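Participant:
Residue numbers (my numbering): 35 to 413.
(1) Does any residue of chain C have a CB that is nearer than 7 Å to the CB of residue 188?
(2) Here's the rule: buried if 16 or more other CB atoms are within 10 angstroms of the residue's CB, otherwise exposed. What is residue 137?
(3) For residue 338, tell me which candidate among 199, 122 and 179 has the shortest Cα-Cα distance.
(4) Return the CA-CA distance between residue 262 and residue 237, expressed in angstroms with no decimal places.
(5) Over the uninterrupted alpha helix (DSSP H) stretch that includes residue 160, give me the two end residues.
(6) Once you ignore the five residues that flank residue 86 on each side, which residues in its own chain have a CB closer than 8 Å to its CB?
(7) If I measure Cβ to Cβ from residue 347 and keep anything under 7 Å in the same chain, skipping five residues before and after, which residues do I get?
(8) Tell whether a beta-carbon distance below 7 Å holds between residue 330 and residue 210.
(9) On a CA-only basis, which of 126, 108 and 127 is nearest residue 176? Give me that one, please.
(10) How many angstroms separate the CA atom of residue 134 from the CA atom of residue 164?
(11) Please report the distance separating the alpha-carbon of residue 371 from that of residue 379.
(12) Residue range of the beta strand (DSSP E) that residue 150 falls in?
(13) When you compare only the Cα positions, how much space is there between residue 152 and residue 270?
(14) In the structure shown, what three-state DSSP assignment does residue 217 receive?
(15) Going by DSSP, which residues form a beta bridge with residue 109?
(16) Counting C-beta neighbours from all protein chains within 10 Å, is the total for residue 168 16 or more, i.e. buried, or is it exposed?
(17) Apart from the five residues on each side of it in sequence, which residues of its chain come closer than 7 Å, Cβ to Cβ, to residue 223?
(18) For residue 180, report the span of its beta strand (DSSP E) as first-last.
(19) Comparing alpha-carbon positions, which option in 208, 320, 183 and 70 lies nearest residue 414?
(20) Using DSSP with H/G/I as helix, E/B as strand and the rest coil, what is residue 188?
(21) Please classify residue 54: is it buried, with 16 or more other beta-carbons within 10 angstroms of its beta-carbon, or exposed?
(22) Taking C-beta to C-beta, are residue 258 and residue 231 nearer than 7 Å?
(23) Quickly, what does DSSP pair residue 96 with across the bridge? List them, please.
(24) Going residue by residue through the region 229-287, where are the continuous alpha helix (DSSP H) segments of at least 4 residues, counting only ones entirely within it?
(25) Count the other C-beta atoms from every protein chain shown that fall within 10 angstroms of the C-beta of residue 304, then say buried if there are 16 or more, exposed otherwise.
(26) Go through its chain and collect everything with a Cβ distance to residue 325's Cβ below 6 Å, but skip five positions before and after it.
(27) For residue 349 and residue 158, I'd like the C-alpha separation in whole angstroms.
(28) Taking only the alpha-carbon atoms, compute the straight-line gap between residue 215 and residue 191 and give it to the nearest angstrom.
(29) In chain order, what residues of the same chain have a beta carbon less than 7 Å from the beta carbon of residue 264, not counting five sequence neighbours either side?
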């Protein structure tokens with residue numbers, strides 16, 4: 035996540051229609067352009083991306099969309115520092131930011147035209163939200179993925195309740211509770227990326243994608259053409275990082291321990307195992323917000339059975355509840371503002387987070403406040 039705000043007058047998102055050699059068609063290139071903040075999503079960036087998607091999808095001359103970041107980061111998250119500052123003053127930004135962000139997440143996951151997310155570099159939080167719901171998620175050897183929200187008194191939102199429990203075994207629960215980072219090939223092994231392509235091959239990939247816009251098949255089946263090209267470069271690039279999944283030695287233990295029916299059960303399983311790795315995970319969990327841990331555990335367990343739309347609705351309810359309580363503000367203060375990394379969670383222990391508290395977090399908002407993504411026109 036990133037907390038800085040850009041003072042640059044440059045556009046926060048660059049848009050370009052890349053024309054095919056014939057000039058008769060092309061694709062839409064969307065480049066996040068806030069390098070000083072590692073492309074942290076602002077409300078303006080969300081609105082720009084949403085508006086552009088809605089305008090280009092009906093255009094038959096545009097075959098697909100591709101979103102990318104910069105040298106260091108695809109997108110390090112949302113501008114949560116600004117959101118929490120707004121929440122303290124009662125500004126409506128605290129509600130509207132997430133409302134608009136989740137609408138964009140929904141569009142990226144339901145758009146009928148191919149939407150390619152080039153997640154090179156840091157990809158966390160809000161950056162995951164505008165990429166992971168796409169059928170084409172291209173990582174490079176520099177990609178770093180994480181959902182680190184429990185460390186700042188929040189939860190893995192932007193559809194985390196949908197995609198995380200659908201990862202293999204209990205990997206999603208592990209990543210959600212601990213904030214563990216996946217890098218390079220691990221992003222592919224973990225199921226976050228669909229393709230791994232060497233960074234030096236990206237210019238060639240973009241060139242071939244551009245030429246493919248003149249392929250007659252593109253008009254009939256753009257997904258087939260896009261996937262074929264991505265698959266080709268993926269196969270050619272597999273030698274850039276031939277390591278096995280770094281978590282492979284721990285997957286059996288992750289499945290065993292993180293399948294617990296509660297966070298306390300997970301902790302007990304780790305304690306009973308007693309290995310160095312398990313003790314390290316226990317120490318990690320002890321630093322996280324107890325409320326965040328319990329909310330996240332329930333979010334993922336319930337999300338297994340929910341639709342994408344319902345998961346986004348639940349996430350929106352949860353983010354509004356976190357904005358009403360203390361831990362999110364305290365976590366942002368400790369990690370991003372004062373940077374003392376010593377948050378004072380309230381309540382301070384898992385035992386103090388009652389079922390009544392959890393039920394309140396998951397309870398419906400008023401009809402006027404709810405996020406009704408099903409009412410958003412699919413593109």
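Note that beta-carbon positions come from the ideal geometry of N, C-alpha and C, so glycine has one too. As the structure is a computational prediction, the values presented were derived from the model and not from experiment.
Facilitator: In short:
(1) You won't find chain C in this structure, because it holds only one protein chain.
(2) By the neighbour-count definition (other C-beta atoms within 10 Å, threshold 16), residue 137 is a buried residue.
(3) Answer by Cα proximity: 199.
(4) So the two alpha carbons sit approximately 17 Å from each other.
(5) Looking at the DSSP string, the run of the alpha helix (DSSP H) that includes residue 160 is 160-163.
(6) The answer, listed in chain order, is 47, 49, 62 and 64.
(7) For residue 347, where only same-chain residues beyond five positions count, the Cβ hits under 7 Å are 404, 405 and 407.
(8) Contact: yes.
(9) When only C-alpha atoms are compared, the closest one is 108.
(10) Taking the straight line joining both Cα atoms gives about 12 Å.
(11) Cα to Cα, the separation comes out at about 16 Å.
(12) Where residue 150 is concerned, the enclosing beta strand (DSSP E) starts and stops at 149-152.
(13) Looking at the two C-alpha atoms, the distance is approximately 17 Å.
(14) Correct three-state label for residue 217: strand.
(15) In the DSSP assignment, residue 109 forms a beta bridge with 157.
(16) So residue 168 counts as buried.
(17) 279, listed in sequence order.
(18) Unbroken beta strand (DSSP E) run through residue 180: 178-180.
(19) No answer is possible for residue 414: it lies beyond the span of the chain, which begins at 35 and ends at 413.
(20) In the structure shown, residue 188 sits in coil (DSSP, three-state: anything other than H, G, I, E or B).
(21) Residue environment analysis places residue 54 among the buried positions, since at least 16 neighbouring C-beta atoms fall within 10 angstroms of its C-beta.
(22) The Cβ atoms of residue 258 and residue 231 do not sit closer than 7 Å to each other.
(23) The partner list for residue 96 (beta bridge, DSSP) reads 60.
(24) Entirely contained in the region 229-287, the alpha helix (DSSP H) runs reaching 4 residues are, in chain order, 236-246, 250-254 and 256-271.
(25) Residue 304 should be labelled buried.
(26) The answer, listed in chain order, is 361 and 387.
(27) C-alpha of residue 349 to C-alpha of residue 158: approximately 16 Å in a straight line.
(28) Between residue 215 and residue 191, the C-alpha separation is close to 16 Å.
(29) 170, 172 and 229.
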